[in-house]
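Participant: Numbering-wise (my numbering), the sequence shown opens with residue 183 and increments by one.
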Amino acid sequence: MNLNFKGRDIINIEELSRKELDHILSVSDKMLPLINKGSTLCKGKVLASLFFEPSTRTRLSFESAMSRLGGSVIGFADPTVTSEKKGEVLADTIRTVDGYADIIAMRHPQEGSAKVAADYAKIPVINGGDGGHHHPTQTILDIFTIKKEKGEIDGLNIGFCGDLKYGRTVHSLAYALAKYKDIEVTCIAPKALEMPRYVVHHMEKKGIHIIEKDGIEKSIKGLDVLYATRIQKERFGSEKEYTDIKGSYYIDKNIMSKAKNDMILMHPLPRVDEIRYDVDGDKRAVYFKQAHYGIPTRMALIALLLGAVK
Ligand code: NCD
183 MNLNFKGRDI
193 INIEELSRKE
203 LDHILSVSDK
213 MLPLINKGST
223 LCKGKVLASL
233 FFEPSTRTRL
243 SFESAMSRLG
253 GSVIGFADPT
263 VTSEKKGEVL
273 ADTIRTVDGY
283 ADIIAMRHPQ
293 EGSAKVAADY
303 AKIPVINGGD
313 GGHHHPTQTI
323 LDIFTIKKEK
333 GEIDGLNIGF
343 CGDLKYGRTV
353 HSLAYALAKY
363 KDIEVTCIAP
373 KALEMPRYVV
383 HHMEKKGIHI
393 IEKDGIEKSI
403 KGLDVLYATR
413 IQKERFGSEK
423 EYTDIKGSYY
433 IDKNIMSKAK
443 NDMILMHPLP
453 RVDEIRYDVD
463 GDKRAVYFKQ
473 AHYGIPTRMA
483 LIALLLGAVK
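#1: Suppose the cutoff is 7 Å on Cβ atoms and the five residues either side in sequence are ignored; what does the same chain contact list for Asn372 look like?
#2: Which residue spans inside the stretch 400 to 482 form an unbroken alpha helix (DSSP H) run of at least 4?
#3: Is there at least one non-hydrogen atom of the ligand NCD closer than 8 Å to the beta-carbon of His317?
#4: Taking the C-alpha atoms as reference points, what is the distance between Glu245 and Gly226?
#5: Can you tell me whether Thr275 is buried or exposed? The criterion is at least 16 other CB atoms within 10 Å of its CB, across all chains shown.
#6: Quick check: what's the CA-CA separation for Gly314 versus Arg417?
#7: For a quick check, are the C-beta atoms of His391 and Glu366 less than 9 Å apart?
#8: For the stretch 334 to 341 against the stretch 256 to 269, are there 3 or more C-beta pairs whose distance is under 8 Å?
#9: Grab me the residues of Lys361's own chain with a C-beta within less than 8 Å of its C-beta, minus the 5 sequence neighbours each way, in chain order.
#10: Does the beta-carbon of Ser237, which I'm using as the reference point, lie nearer than 8 Å to any heavy atom of the ligand NCD?
#11: To the nearest angstrom, how far is the alpha carbon of Ile433 from that of Lys212?
#12: Can you name, in chain order, every residue of its own chain whose Cβ lies under 7 Å from the Cβ of Lys415, other than the five neighbours on each side?
#13: Straight-line CA distance for Thr527 to Tyr348?
#14: Determine the contact status of Phe234 and Pro291, defining contact as a CB-CB distance below 9 Å.
#15: Can you name, in chain order, every residue of its own chain whose Cβ lies under 6 Å from the Cβ of Gly476, other than the five neighbours on each side?
#16: Shortest alpha-carbon distance to Asp345 belongs to which of Thr368, Thr321, Leu355 and Glu376?
#17: What residues in its chain sit with their C-beta under 6 Å from that of His353, if we drop five residues either side in the sequence?
#18: Identify, in the order they occur along the chain, each residue of the same chain with its Cβ nearer than 8 Å to the Cβ of Ala485, setting aside the five sequence neighbours on each side.
#19: Determine the extent of the beta strand (DSSP E) in which Asn339 is found, giving its start and end residues.
#20: Is it true that the CB of Ile206 sits closer than 9 Å to the CB of Thr411?
#21: So, at 6 Å on beta carbons, what are the nonlocal neighbours of His317 in its own chain, with the 5 sequence-adjacent residues on each side left out?
#22: State the DSSP-derived secondary structure class of Glu531, mapped to helix, strand or coil.
#23: Strictly by DSSP, which residues pair up with Lys395?
#24: The ligand NCD and Ala473: does the residue's C-beta get closer than 8 Å to at least one heavy atom of that ligand?
#25: Pull up the distance between the alpha-carbon of Gly404 and that of Ile393, whole angstroms please.
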């Protein structure tokens, strides 16, 4: 297949074609055995891991992925220890790091920041989340998980519940699903957290059948996948706005008893209270497996962008 990833940036899932997504998934599969065996595919290469916003899974799985490819990692998990604190602008930080590393993974609270970084860096930039905007690598691990668990993505009935307004993982995944066939999407959220109209419009334009509802219990029955999300407290305008909506929905054993036997329950994590702990033992709860898939998918992406695999 003649696909060229070397030197590219990954800012937005939209810029990857279905063919390219499929290829990343197939390279991710090839990475699975290398997780324990290790490899030298990216020996001598350096990943700069620039996290201006809190992260557990995205940052650690990027760093683990690079280590397992034989490369090394520099970076920070807290921008208050960097020159940003002294007033340095992102463009200058990026122009500097460009000379220190071979590839950048970055998370930043500002929408559009990943694109700015890519404009200033000559080396590839991977967006690890820019504000409420996009989170393309989460989407790649999400679709990898769906494929692994359900065999195919085409033809599935996928429910999103929770904070569909501010959840960047939801927006990116919705755009990715729009590339597949015969998908039905059920959006389950209170009015204040509903899916942005531009995302709904995009999915509809691409032929996705969309149902919008409030209340998980009524909608869970027909779903093949339920993707739950945390209410994104940090993106609300005020504390009151958040406390008014906090705890307005959750998934527990009782709700799971109404779902299909082969439905899978996904969540990008971290969860707060939207999935009760009594659900964790349910074989349909795949969120920790999903988090683990951050390793092979990010190994695949780093190796492809560095030209270490084709
Ligand atoms: C998500 C994020 O940062 O957008 N987490 C993740 O990357 N796994 C979801 C969230 O923070 O709720």
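Glycine residues also receive a C-beta, built at the ideal position from the N, C-alpha and C atoms.
Facilitator: Reading from the atomic positions:
#1: Reading the sequence as shown, one finds Pro at residue 372 and not Asn. Asp396, Ile427 and Ser430.
#2: 421 to 427, 435 to 438 and 469 to 474
#3: Under cutoff, so the answer is yes.
#4: 15 Å
#5: Result: buried.
#6: 7 Å
#7: Yes.
#8: no
#9: The answer, listed in chain order, is Ser199, Arg200, Leu203 and Lys388.
#10: yes
#11: Looking at the two C-alpha atoms, the distance is approximately 34 Å.
#12: Tyr424
#13: The chain is shown from 183 up to 492; residue 527 falls before or after that span and cannot be answered.
#14: yes
#15: Arg239, Ser243 and Leu323
#16: Distances from the CA of Asp345 to each of Thr368, Thr321, Leu355 and Glu376 were compared; the closest alpha carbon is that of Glu376.
#17: Val381
#18: Excluding positions up to five away in sequence, the list reads Val209, Met213, Leu223, Cys224, Leu251 and Val491.
#19: Per DSSP, Asn339 belongs to the beta strand (DSSP E) from Asn339 to Cys343.
#20: 9 Å or more divides the Cβ of Thr411 from the Cβ of Ile206.
#21: Closer than 6 Å at the Cβ level, and outside the excluded window around His317, lie Gly311, Arg350, Thr351 and Ser354.
#22: This structure gives no information on residue 531, because the portion of the chain shown stretches from 183 to 492.
#23: Lys395 pairs with Ile370.
#24: yes
#25: 12 Å
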